[in-house]
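Mapping of the sequence shown onto full-length UniProt numbering: position 530 corresponds to residue 530, and the numbering continues sequentially without gaps.
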Amino acid sequence: MEPPVTLDQIRIDPAAFYFALRRVHHGRNYPIAVPLIQGHYWEVNRKKINPHTLFVEVLDRGGFAEVSRDKDNWCAIAGLVGVPETQATTLSWNVKDLYHKWLLPLEVLMNGPVAADGSPADARAARGLRRAPPQRQPYTATGPATRQTRSGGNPPGTPANLNNSLPSTLSYSPSSTPATTATNNNTTATMSFTTHSPYMDNRTPMHTIVVDTPSNRRGRYSQVDQPPLPRTMDPMMVSMIPEKTPRIYNHCVKGLQSRIPSEVDFALHHLVVISDERGDKFKFDDFPFLAEELVEKIMEITYLVSGIRWEVDYTSLEAPRDNLLYGTGNTDILEKMAKFPITLGGDNVETEEFAHHLRNIKEAALTLRNMSMLETNAVFLSTLEIFKDGMLVVLNSPRQPRFNEILNYALDTIEQVCPYWETDPGDPLFNTLFELLGSSDRYHILTALKIMILYSMELETIKRLQGVPDDKVSMLMSYTLLEQDKELLSGTLDFFYQYTAIPENVEDLLSNFSLPTTLIPRLTNLLLFEGERDINEIVDQEECKAPATTTIPIVPPDLHAMLLRLPEPERCSRWLKCCFIEDPECDITQLALWHAYQNCFADERVPGVSTLPAAEFINTVSRTFSTAQAQVVPGAVAKFIIRGIRPLETSYDFNGYPYHQCKWNGPSGQCRVAFIDPAKLKDHVFREHMLLNPADLGNLQDAHRPTNVCAWETCGEFQIPTINTARVAGHVSTHLPPLMDMSSPPPPPSRKIIQPKLTRMFDYYPTPVDEKGDPVGIAYKAILILRNIIRNLPKESAGPKHGNKSWNYVLFFSSKNKLIEIADYNPTLRGDIFEFVAEIKSS
């Protein structure tokens, strides 16, 4: 007799496990859908799992019934046997179903069936399994012999029908064919494992009878008469313990899965709100089959169009048919859709049932779109084959305005998921996006471009954007002319950057398009796009102004009288505004300013009113002029100055009109009369000093004797008297200010410029840069595309049609001068453009 096999041997020896599994399913009247050969894995949604590991993990947790108490146990086991963590929650049900179909019979054979009341008898038995004895000591389950009654009845504790409850005894030899099967009246099976040991070959076989005892069948004797322990917590308090997730979440998920119309309406309505407000917490991993249910609901758009409902088989066991989709992926979905008749008309007339169904689909699509904004959910959807099939169904549905909202949600969802998909030229979803490039809806064009650009962005594999139809490439070339639509232009250039990164695509462009007259000139012109004008000024000669006068103007008598009527410090401030002006480049000493103030007002002090002290006077200067600052100039002798003001050439009145001083020298000194109106000054000079009537200036006669002279200030002309009165009068008029419009005061005069500023102006149009100083925008993308093209050109010549010149020369030599000119205007891209020009060949 061959030695029996224990569970410990099955745990550590996969060969014994597979042998036992084959014997359990041998001779049954159902097909075996899983491989029962060592080294072959089982599949769950195309994920390979190890059945031996699965069996051991379940036994370690107490068996099937104990593990099934909490769904989290199956999630943990699924992650340990080969299911990715992102799908462990979703596929845990499949793992459980697989175990129930193919591994549970082996567990029941070894440990006994689950108790009739549902108690996990097999789980407790698994926890209480005996350890295997040493190899030299063959082990058989023993127990006291069961005494038979005279009536031939069954012993106590044995089932009535032994033929149904007693499995076979199996023998296994790793070096030979399986041993024959013998049947005896035992309540469990023992499996024999033959090892070639001399000791075991010399032992005499011993036949034993195994009976149910509390030791080896704990589940059968687990229900004792002991009353249950009292509750340690008030039942009302137990009901207040929060669940892992809010109850509304589970209600919505279960309601969606129930397919009850009222519950589906409730679920979809609240799922939209939850996914929008709590999208950062709402994950597919926490709610098994939620994503599948939403996708299946979205695919009901086919029912609205053709009246046919899709059916999804997640076990891949059903026979193919036109409306059946496999959850593991489908390659003929477009062919199946082509067979469906379109029963939906082009009008907008809708029944109440149709509108209600359409609203449910929109809500499901919006929920899926909102949840995909979370990166975890996007990664989850990228591994779900039925999701890609569902999106393919939506993208290939009839283009009707009523379906636009669903299409927009689908595109938004694909945009979030596509970075985790491999780029495959044969992918029907990727090829469907090309059709959207010619859509009349700008949003569809932009989103389709974004999706094609973002494909495989999060993967480490090299993206190869190939298989683009020529008509779509031509259409994208035309989009580069749309300068008004910067977003579409930028997306188009992003596409061409990825497209031209592959040498085969560049060869297709050369053979199907005239690049020297289409794409190359356009990209060259875009090198100045978005460049804001920047004027660069080069100064060849600095401006030089005349130094400010150091003479503080004299206050005319009438202005002096008005100032005396004002109190201090207003009088001081008014005086400063009448005699000084702001000039950041000039300064005056504090001592000169103080003396001028004292000379103007100290002699006419009103009894009881004095001038300002020096400190307060300096503060008044700073308050009067915003540019005035009291400073100390260091040196051998410190110099105290007021920077930011300069004296005026003449004083001004309160209204801003300048006083024009009469500077005629008389016998008693210079005349001190001043006038605001230049006409009055002229009348005063000619009438009072030259004894002429201003009205006769146009018809002056020569004097009888030489009495006419010019005594204006320091003028040296006509010092000797002459009889030519008209000539002297004309000369004196040159000293007088020109007549002016007295309706508004003139602006204060600036200092005279004795040397003008000479500059040269240059216009630049730099490309925008980011915070790091790197170029960004359309112009930078254009130079990158040009660089891709020139580096991926064929090495052979362009052929006799182009004079056997190189493709480099044919495409870019005619644009070389233009590129150099643009580099001069664009300092941001100057280095990149010159580097590109250096690669252009001359032949």
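Beta carbons: idealized from backbone N, C-alpha and C, even for Gly.
Around residue 737, the same chain offers 660, 678 as residues with beta carbons nearer than 6 Å, after the five sequence neighbours per side are excluded. Taking a contact to require three or more Cβ pairs closer than 8 Å, the segment 267-278 and the segment 307-324 do not qualify as touching. Proximity of the segment 778-788 to the segment 522-539 meets the contact definition, three or more beta-carbon pairs being nearer than 8 Å. Bounds of the alpha helix (DSSP H) holding residue 75 are 71-80. Only residues of its own chain outside the window of five on either side were considered, and among them 446, 449, 450, 453 have a CB closer than 8 Å to the CB of residue 491, listed in chain order. Distance between residue 816 and residue 411, taken at the CA atoms: about 42 Å. Contact between residue 785 and residue 496 holds: their C-beta atoms lie close to 5 Å from each other, under 8 Å. Residue 620: member of the alpha helix (DSSP H) spanning 614-624, first to last residue.
For the pair residue 402 and residue 337, the Cα-to-Cα distance works out to about 20 Å. For residue 466, there is no enclosing alpha helix (DSSP H), as DSSP marks it with neither H nor E.
The segment 425-443 makes contact with the segment 460-479; the number of CB pairs closer than 8 Å reaches 3 or more.
Put simply, the backbone Cα of residue 644 is about 26 Å away from that of residue 567. Counting other Cβ atoms within 10 Å of its Cβ, residue 579 reaches 16 or more and is therefore classed as buried.
In the three-state reduction of the DSSP assignment, residue 86 falls in the helix class, which pools H, G and I. Residue nearest to residue 463 within the set 442, 478, 422, 620 is 422 (criterion: CA-CA distance). The alpha carbon of residue 739 has as its nearest neighbour, out of 753, 676, 775, 761, the alpha carbon of 676. Around the C-beta of residue 66, 16 or more other C-beta atoms lie within 10 Å, and the residue is accordingly described as buried. Here residue 368 is not near residue 429, since their CB atoms are 8 Å or more apart. For residue 525, the uninterrupted alpha helix (DSSP H) run begins and ends at 519-525, by DSSP. Burial check for residue 635: the Cβ neighbour count within 10 Å stays below 16, so the residue is exposed. Comparing alpha-carbon positions, the option among 620, 597, 712, 625 lying closest to residue 665 turns out to be 712. Across the structure, residue 667 and residue 687 are spaced so that their CA atoms are roughly 17 Å apart. Shown here, residue 708 sits in a strand according to DSSP, grouped into three states. Boundaries for residue 530: no beta strand (DSSP E) harbours it, and the DSSP string shows neither H nor E there. Closest option to residue 627, judged by alpha-carbon separation, among 477, 592, 587, 613: 587. In the structure shown, the three-state DSSP call for residue 363 is helix. Note that the segment 324-331 touches the segment 39-59; at least 3 beta-carbon pairs, one per stretch, sit closer than 8 Å. The alpha carbon of residue 475 has as its nearest neighbour, out of 484, 488, 465, the alpha carbon of 488.
By alpha-carbon distance to residue 484, the top candidate from 455, 526, 505 is 526. Note that the C-beta distance between residue 761 and residue 535 is below 8 Å. Taking all protein chains shown into account, residue 299 has 16 or more neighbouring C-beta atoms within 10 Å of its C-beta and is therefore buried. Distances from the CA of residue 763 to each of 517, 29, 824, 616 were compared; the closest alpha carbon is that of 824. Following the DSSP letters along the chain, one finds residue 48 inside the beta strand (DSSP E) bounded by residues 47-49. The segment 641-657 and the segment 713-728 do not touch, with fewer than 3 CB-CB distances between them shorter than 8 Å. DSSP places residue 347 outside any alpha helix (DSSP H), giving it a letter other than H or E. Taking a C-beta distance under 8 Å as the contact criterion, residue 818 and residue 517 do not qualify as a contact pair.
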